[in-house]
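The opening position of the sequence shown corresponds to residue 30 in the numbering used here, with each subsequent residue numbered one higher.
Note that beta-carbon positions come from the ideal geometry of N, C-alpha and C, so glycine has one too.
Structure first, commentary second.
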Amino acid sequence: MPTPKSQEMHGTHASPGMPFAEFVVMIAALMALNALALDVMLPALPEIGAALNIENENDRQQVLVAYLLGFGGAQLFYGPISDSIGRRGILLGGLVVYALASVGSLLSDTLDQLLIARFVQGVGCAATRVIAVSVVRDCFTGRQMGKVMSLVMMIFMAVPIIAPSVGQAILLLSNWHWIFSMLLFAGLAMLIWCWIRLPETLPKEYRQRFDIQTIFMAYAKTVTTRVSLGYTLATTFVFGGLFSFITMSQQIFVDIFDLGVWFPVVFAAIAIAMSITSFMNARLVEALGMRRLSHTACLVFSTTGIILYALASAGIENLYVFTLLAGILMACFGFVGANFNSMAMEPLGDIAGTASSVIGFVTTLGGALLGYMMGQLFNGTTQPLGLAFSLYGLAALACILYAEGGSLFKARHSVN
């Protein structure tokens, strides 16, 4: 019987059961459900707030944060469970929960009901995120896996760009309830597609016994390995900046810069910067190295945040300057996210599935809480967002220095 370690090193070589192009699109679509459920909501927040009598405008951000809390928290469990009982059942179950929670959101008539439904929707979508990556790992290894994930990310990155425009288009034709109807349709479509076309990709001989002590030991190893802990926390702080931007973006572009229905267009232009650098990162990382690229990007991230905070504090709030600085910040994220995650995973090859769940749990849940904390400070200026980017960027740099023993741009001599 193959050992868990041999599975991690060599893969199961399972068949995806479909043509390569269909498999790539399916995995990208599964991962895109998360971005869709988050970004499509942005234009609808004022209408939702008015419909549910949300008096404090900052409280509308809870519609986004409740989803992120469910999405981040559930990731901790899906990895070990799917390693034990297989991928297919967990994935289909998660899609059912996603669809049912969309119905719950659609029928909500109070803020509390909507927040509960959104939290559950995040729990369901977490399965698609964890299982999608696990299925790729089951079917491909080495350069083939890298090729699949690169193609997946190229398709996936289009969703954050177009999602707010989709939400705005729905609002021009109908009301906010139809946004959840669209999410329900998307969840059901993926459920039917995966049920018909995606086989089980983790054969029984490769499954691991579900042992609580072993799982907790893997959890402990993830958070006590210096390099892994440092880069996990660094990612969390950078995510905190990203989620601060997402939670405040509608208020900034509509309330401060008075963009109205044009808000999704500017949001898309900023998101494109992250897409471009994510694409560039895949081609530059072999030549320049993960540390040189990501550490430099983190320095630029912090510096740009400080500039944004200084300009806002001086009362200089210009749409064009803000869009330029926000574009630079999102471009930095394109060089940081994937590289930080890869470096956090480097020492954990023997527990990669569980480690990925822990890292996803910490970075998403922590980033959501950090973003919500800064979002609640929104005061009608871009100052809180500049504060978020600068403080969280500096905190991420401190975590890098911890991970690398006080050095930037190069790895520690030993990993412990």
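Legend entry - Backbone CA spacing between L227 and L220 [nearest angstrom]: If you take the alpha carbons of L227 and L220, they lie about 10 Å apart.
Legend entry - Local conformation of K250 per DSSP, three classes: Secondary structure of K250 (DSSP, three-state): helix.
Legend entry - Member of V188, G434, G400 and A311 whose CA lies at the smallest distance from the CA of D88: The option with the nearest alpha carbon to D88 is G400.
Inset, instruction - Would you kindly report the start and end of the unbroken alpha helix (DSSP H) that includes A58? - result: Per DSSP, A58 belongs to the alpha helix (DSSP H) from F49 to D68.
Inset, instruction - Could you give the DSSP three-state label for S385: helix, strand or coil? - result: Correct three-state label for S385: helix.
Legend entry - Neighbourhood of P189 by C-beta distance below 6 Å, restricted to the same chain and skipping five residues each side: Answer for P189: A64, D68 and A300, listed in chain order.
Legend entry - Reduced DSSP category for N87 - H, G, I as helix; E, B as strand; rest coil: Helix, per DSSP.
Inset, instruction - Less than 8 Å between the CB atoms is what I'm expecting for A277 and M359, so what's the real figure, rounded? - result: In the sequence under discussion, the amino acid at residue 277 is Met, which differs from the Ala named in the question. M277 to M359, Cβ: 14 Å. No contact.
Inset, instruction - Reducing DSSP to helix, strand and coil, say where L97 ends up. - result: L97 falls in the helix class under three-state DSSP.
Inset, instruction - Note down the Cα distance separating C223 from L124, rounded to an integer number of angstroms. - result: For C223 and L124, the distance between alpha carbons rounds to 9 Å.
Inset, instruction - Please confirm whether L213 and S307 have their CB atoms less than 8 Å apart. - result: Between L213 and S307, the CB-CB gap reaches or exceeds 8 Å.
Legend entry - Distance between L328 and A66 (C-alpha atoms, nearest Å): Taking the straight line from one Cα to the other gives about 31 Å.
Inset, instruction - Count the CB pairs spanning the stretch 311-331 and the stretch 425-442 that are closer than 8 Å, and state whether there are at least three. - result: Touching, yes.
Legend entry - For S137, the first and last residue of its enclosing alpha helix (DSSP H): Note, S137: premise wrong, no alpha helix (DSSP H); not H, not E.
Inset, instruction - Between the Cα of Y349 and those of L337, G389 and I225, spot the shortest distance and give me the residue it belongs to. - result: Minimum Cα-Cα distance from Y349 among the listed residues L337, G389 and I225 corresponds to L337.
Legend entry - Under the three-state DSSP convention, the category E234 falls into: In this structure, E234 counts as helix in the three-state DSSP scheme.
Legend entry - 8 Å contact criterion, which A397 and L97 should meet: CB distance rounded: That belief holds up - the Cβ atoms of A397 and L97 are roughly 4 Å apart, short of 8 Å.
Inset, instruction - Could you spell out where the alpha helix (DSSP H) holding P45 opens and where it closes? - result: P45: not part of any alpha helix (DSSP H); DSSP gives it neither H nor E.
Legend entry - Integer-rounded CB distance, given that T264 should sit under 8 Å from F148: About 22 Å; that fails the 8 Å criterion.
Inset, instruction - Flag this pair as yes or no: are the beta carbons of E76 and L201 separated by less than 8 Å? - result: Against a cut-off of 8 Å, the Cβ pair of L201 and E76 comes out as no contact.
Inset, instruction - Identify which residue in G108, V295 and E433 has its Cα closest to the Cα of P72. - result: Ranking G108, V295 and E433 by Cα distance to P72 puts V295 first.
Inset, instruction - With DSSP as the reference, label P31 as helix, strand or coil. - result: The predicted model places P31 with a pLDDT of 45, which falls under 50 and marks its position as unreliable, so this point remains unresolved.
Inset, instruction - Quick one: grab the DSSP three-state call for I160. - result: Three-state DSSP puts I160 in a helix.
Legend entry - Among I114, L105 and W291, nearest to R236 - alpha-carbon criterion: Among I114, L105 and W291, the Cα nearest to that of R236 belongs to I114.
Legend entry - Three-state class that DSSP yields for L406 in the structure shown: Note: L406 maps to coil in three-state DSSP.
Inset, instruction - With DSSP as the reference, label G344 as helix, strand or coil. - result: Under the three-state reduction of DSSP output, G344 falls in the coil class, being neither helix nor strand.
Inset, instruction - With a floor of 4 residues, list each alpha helix (DSSP H) that falls wholly inside the stretch 268-318, ordered by position along the chain. - result: Segments of the alpha helix (DSSP H) lying fully in the stretch 268-318: 292-317.
Inset, instruction - Could you tell me whether the stretch 79-95 touches the stretch 191-200, using the rule of 3 or more Cβ pairs below 8 Å? - result: They do not touch, by the three-pair rule.
Inset, instruction - Note down the Cα distance separating I275 from E234, rounded to an integer number of angstroms. - result: So the alpha carbons of these two residues sit roughly 43 Å apart.
Legend entry - Helix, strand or coil at Q36 [DSSP, three-state]: For Q36, the predicted structure reports a pLDDT of 45, less than 50, and the residue's modelled location is therefore unreliable. A value from the coordinates is still provided. The answer is helix: DSSP assigns Q36 an H, G or I state.
Legend entry - Collapsed DSSP secondary structure at S203 in the structure displayed: Note: S203 maps to coil in three-state DSSP.
Legend entry - Opening and closing residue of the alpha helix (DSSP H) in which G115 lies: Going by DSSP, G115 is part of no alpha helix (DSSP H) at all; its letter is neither H nor E.
Legend entry - Assigned secondary structure, P193 (DSSP; H/G/I helix, E/B strand, else coil): Residue state, collapsed to three classes: helix.
Inset, instruction - Could you check the C-alpha separation between F245 and E84 for me, to the nearest Å? - result: F245 and E84: Cα-Cα distance of roughly 43 Å.
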